[in-house]
Amino acid sequence: MRTHRSTGARRRWRVCGSSAVALIVLAACGGSGDDDGSGEGSGGGADGSAEITISMVEDADTLDPTFGQTFGGRYVFMHMCEKLYDLSPELEIVPQLAAELPTVSADGLTVTIPLREGVQFNDGEPFDAEAVKTSLDRHRETEGSARAGELAPVSEVRVADPMTVEIALAQPYAPLTAILADRSGMIMSPAKLEDLGEDFTQDPSCVGPFTLTERVVGDRIVLEKSDLYYDADQIHIDRVIMRPILDDTVRVANLRSGEIDVIDRIPTTEYAQLESADGITVDTLPSLGFDTLMLNTVDGPFADVRVREAFELALDRQEINDTVYGGLHSTSCQPFPGASPYHLDDLECTERDPQAAQDLLAEAGAATPVAIDLVLLNNTLSTRRGELIQAQAAEAGFEVNVRPTEVGTLIDDAAAGAFDAVVLTWSGRADPDGNFATFEHTDGGQNFGGASDPEIDAAIEAARSVNDPAERASAYAAAWDLARARHSEIVLMNPNLLTGWRDTVQGLQLVPDGLIRLKGVSVSE
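In mature numbering (1 follows the signal peptide of the UniProt record, and there is no 0), the protein residues as written are -27 to -1, 1 to 498.
Right, here's the structure in full:
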C-alpha cells in the first residue's frame, strides 16, 4: 500500500433533481439551474455538512432485508439497517443490536439473546424484543423471502421479556449467530412494516447511523445521518452518497479527480496506476468471498452431469485470473477462501483438458457445439471474463453466448432459472455454512440451478449441527467432496478486496466481508 497526498479542485455533486428512473424521492429538492450533474466527493456539502461519496460496482436490488439478494443491497444496508450481530476485522462475531453473544441450552435447541437497551428505530419507534420477533418471523415466513432458507431450522421466536428473545430450533444449528450477523439479523421497524408491508423498500426504517432520503435507481442512493442513532457520537459524516458506476474506467477517473471518495473492487487493470497516484490510498485484503459459475441442472444442456463436468474441464482458472485480473486474485475451486479457517489447503483443482471434455460430451450424446447461454454482470471485467470463458469453452465443444446483464435482471433471471450458466460473485460469510449451503442445499437461497441431492443435503445438515470447529471443518470438507462430484457450480476464484480512497478520508478500516463501515470515519476538505 502506498499513500500520497495532494489537493485539487472539486465539484459539488448535487443530490437533488428528477429522473424518469427515480424509484423514490423522500426529500424535497430545489436549487438553481446551473447544476451540471457533475459529482463531488468528500469534505463539505453546500450547507457545511460532512459528505462522502462512495462508488458501488453494482446497484442495490431492493432495500428490504427480507428480500435482498445482492452485494449492492448489503453495501447500503450496512449504513442504515443494523443487525443483531456484526463481524469484526479479525473475523470475530460481535454484538451489535444484541447486548452480548447468545447463550445456548445444553441440548442446543434454545438460543437466548439479550438486546441492547435505549435504542430507537429511525422512525422513532422503540427497539425491543417484540420488534425482533416481528422481523425474524417476517424473514422466516413471508412468501418469497430470501432469508427463509437461512432460518429454516428455527421453529419459533419467543419474547422472553421486553429486552430478551428466545429462538427455538428444530435441531442444533451452529451457523445461527453468524446468520444473524447478516440480513437475517436485520431488524425493521414494526410500525413501518405494518404501514408499508411488501413496499417497505420504498421508505425503509431500521436502527442505523443513517436513514434513506433519496434513491434514483442506477444513479444514486442518498443517506442522511440519523439523530436517533444510539451511537451518534461515533458518526462524523452527515451525508452519504452511494453511486453505482458500472464502467471501471469512469470509477477510477472519478476517484482520481475527487468526485468519488471511496471505490471498492478496484479493477485490477487500474490497480497499479492508483497505487502510485497522488492523494489516494489503496489497500488489499483477502476476502471471504468467491466467484462461481452456477449451472442449470434442471433444464437445458447442463441437466446432464457429464456436460457439466465437461464444461469445468474446458476452463483454465489460472488463465482467467492472469489475463482478466492481472493475477491479483486467487484461483480456487472451493467456497472456503484462504481468509477462512475452513479453507481446504490440500484441495487440488480440476485442470483444463479440452479433449477429456469432448470425450464426455460424446459419451453424453450431446450434439456439438453445445449452445450455452452465459449470464453475467454488465461491467467491464465481468464481460471480459465471459469472453475468455467463451474462447476456452469453444476449444472443448461448446458455443457460449455471453449475455451481460444489469444486476436486477440477473437476479430475476437466475431466480426464474432463465439461464444455462450464471456467474455469481458472493461476498462471503465468516461461517462456512453461509458460503456453501446457500448454493448447494436443495432449499438454499442461492441454489438457482435447482441442484438437489438428499445425500448432500444430509451432509450439510450434519455439518450444521456440529459446534466443535475441527469437527465442523471435517464435516464441511466431506460435504464439499460430494458437491464437487455433482458439478452444479464451478468455483473460479477467491477475489482479494482492492479498495481505494482519497486521503481526505480518515479512519477507514477494511473488513474481509468487503462491506465498508463508516463508524469513526471522518472526511476533510
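All C-beta atoms, glycine included, are put in the ideal place defined by N, C-alpha and C.
Alpha-carbon to alpha-carbon, residue j and residue i
i	j	result
Ser78	Glu139	11 Å
Arg193	Val278	43 Å
Ser400	Thr356	19 Å
Gly97	Leu201	7 Å
Pro99	Thr76	24 Å
Thr472	Val235	7 Å
Gly300	Gln291	8 Å
Leu488	Ala335	45 Å
Gly170	Arg131	22 Å
Ala458	Glu282	8 Å
Ile218	Thr137	42 Å
Ala125	Ser249	49 Å
Glu434	Asp168	37 Å
Asp172	Ser178	12 Å
Pro427	Leu455	11 Å
Ala448	Asn95	42 Å
Glu13	Leu153	Model confidence at Glu13 stands at a pLDDT of 48, short of 50, so the residue's coordinates are unreliable; what they give is reported in the following sentence. Computed Cα separation, rounded: 36 Å.
Leu333	Ala367	15 Å
Met51	Thr39	14 Å
For residue i: DSSP bridge partner residues
i	result
Ala71	Leu88
Trp453	DSSP lists no partner for Trp453.
Lys56	Met159
Lys198	Phe183
Gly266	Correcting the residue type first, residue 266 is Leu in the shown sequence and not Gly. Its beta-bridge partners are Val396 and Ile463.
Ala344	Glu372
Buried versus exposed call for residue i [16 or more other C-beta atoms within 10 Å across all chains shown]
i	result
Ala424	buried
Gly117	exposed
Asn440	exposed
Arg376	buried
Asn374	exposed
Thr222	exposed
Val67	exposed
Val271	exposed
Ser61	exposed
Gln69	buried
Gly359	buried
Contact under 8 Å by Cβ, residue i with residue j
i	j	result
Ser196	Val213	Here residue 196 is Leu; the residue named in the question, Ser, does not match the sequence. Against a cut-off of 8 Å, the Cβ pair of Val213 and Leu196 comes out as a contact.
Thr254	Thr35	no
Asp289	Gln365	yes
Asp486	Pro148	no
Val182	Ser162	The amino acid at residue 182 is misidentified as Val; the sequence shows Pro. No. Outside cutoff.
Ala72	Ile160	no
Asp269	Gly418	Correcting the residue identity first, residue 269 is Asn in this sequence and not Asp. No, Cβ-Cβ distance for Asn269 and Gly418 is not below 8 Å.
Leu74	Thr26	no
Val484	Arg490	yes
Thr85	Ala133	yes
Met267	Gly422	yes
Residue i beta carbon near the ligand GDP (any heavy atom closer than 7 Å)
i	result
Val223	Summarising the ligand content, the structure contains no ligands, and the ligand GDP is consequently not present.
Three CB pairs or more closer than 8 Å across the region 260 to 267 and the region 325 to 332: no
Touch test, the region 241 to 249 against the region 389 to 399, Cβ-Cβ under 8 Å, three pairs minimum: no
If contact is defined by three or more beta carbon pairs under 8 Å, each pair taking one atom from either stretch, is the region 476 to 490 in contact with the region 343 to 356? no
For the structure I just gave you, are there three or more beta carbon pairs, one from the region 459 to 475 and one from the region 304 to 317, closer than 8 Å? yes
Using 8 Å as the cut-off, can you tell me whether the region 405 to 417 makes contact with the region 377 to 386, which would need three or more C-beta pairs spanning the two stretches below that distance? no
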